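Worksheet: one structure, shown below.
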Amino acid sequence: MRIAITRGVSPAVAECELTHLERRPIDYRRATAQHRAYEAALRALGCEVRALPAETRLPDSVFVEDIAVVLDEVAILTRPGAPSRRAETASLAPVLSSYRPLLSIEAPGTLDGGDVLRVNRVLYVGRTGRTNQAGIDQLARALAPYGYRVQGVDVQGCLHLKSAVTLVGPRSLLANTHWIESKAFTECDIVDIDPAEPYAANGLLLGERVIYPTSFPATARRLEQRGVGLVALDVSELQKAEGAVTCCSLVFEDRVLPSSP
Ligand code: CIR
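The sequence shown runs contiguously to residue 292 in the working numbering.
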């Protein structure tokens, strides 16, 4: 069974962190409706959704992806780069610990899950305003015993690595190559976003389908022409909070594996 952990939209979402976007009013009810549709899409694609209650005082807490990296063998609780987001780990830790042994990133390391892109046994990790080298080094040390290789990737111009590149097939990446060094991803094919849609590189691959925002029609056409099956969702209110589709869930297989490497 595939689990998707989500968390309701905080009523304080309008006070979210913003780095590359101007602040615009967020319609909380509409954001909540869009988030429910997102959870319904996860269910339709075979996930059992474990929906956590909204955190009223933590504006960005709907973006659960940033708070953990969940692998088959172990989960790593992050130390988010934005101090306002660090308290988000407290309520997620007990939930994750029922599925996986837990490790955590410690100060001075910082790491946001949005900066971690897994392609099989390689974890590409963005060096961004949120994730520092100490965080990347800790992740590499924690995961080496499990046979994962961690590779840092320079990112510029966007919030997270996964704002710039995500998987849309087993070895196929959708990317904005102005924001990352595409040669870092040698073992994958790269589909470029349409240049008129710089934020279009974030899709959520689940099995053979990709949950994808309706706001990037030109890039959606490119993907469909390549045979990628899309599940289109309006996430416009969450996008105003600098969120996208990967960031609203933590998806993993519900398997209990031995805790030691
Ligand atoms: C933040 O700046 O932390 C939030 N407003 C947006 C986080 C989006 N997370 C993600 O794309 N992984």
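Yeah, the Cβ is synthetic: ideal placement off N, Cα and C, and Gly gets one too. Every value quoted in this text rests on a predicted model; they were computed, and no experiment measured them.
Within the same chain, and ignoring the five residues on either side of A231 in sequence, the residues whose Cβ sits closer than 6 angstroms to its Cβ are I224, F247, T250.
In this structure, the straight-line span from the alpha carbon of Q270 to that of L190 is close to 12 angstroms. When the beta-carbon positions are compared, V153 and R180 come within less than 7 angstroms of each other.
With fewer than 16 other Cβ atoms from the protein chains shown falling within 10 Å of its own Cβ, P84 counts as exposed. By the Cβ rule, the segment 250 to 262 counts as touching the segment 192 to 209, because three or more pairs are nearer than 8 angstroms. For the pair Q65 and D143, the Cα-to-Cα distance works out to about 23 angstroms.
With a cutoff of 7 angstroms on beta-carbon distance, V40 and A62 are scored as near each other.
Between V266 and V241, the C-beta spacing is not below 7 angstroms. Annotation for E96 indicates a beta carbon within 6 angstroms of some heavy atom of the ligand CIR. Looking at the DSSP output, Y155 sits in a beta bridge with L148, Q182. Within the DSSP secondary-structure output, Y243 pairs in a beta bridge with A263. Under the three-state reduction of DSSP, E255 is assigned to helix.
Nearest Cα to H51 within the set Q187, L261, T217: Q187.
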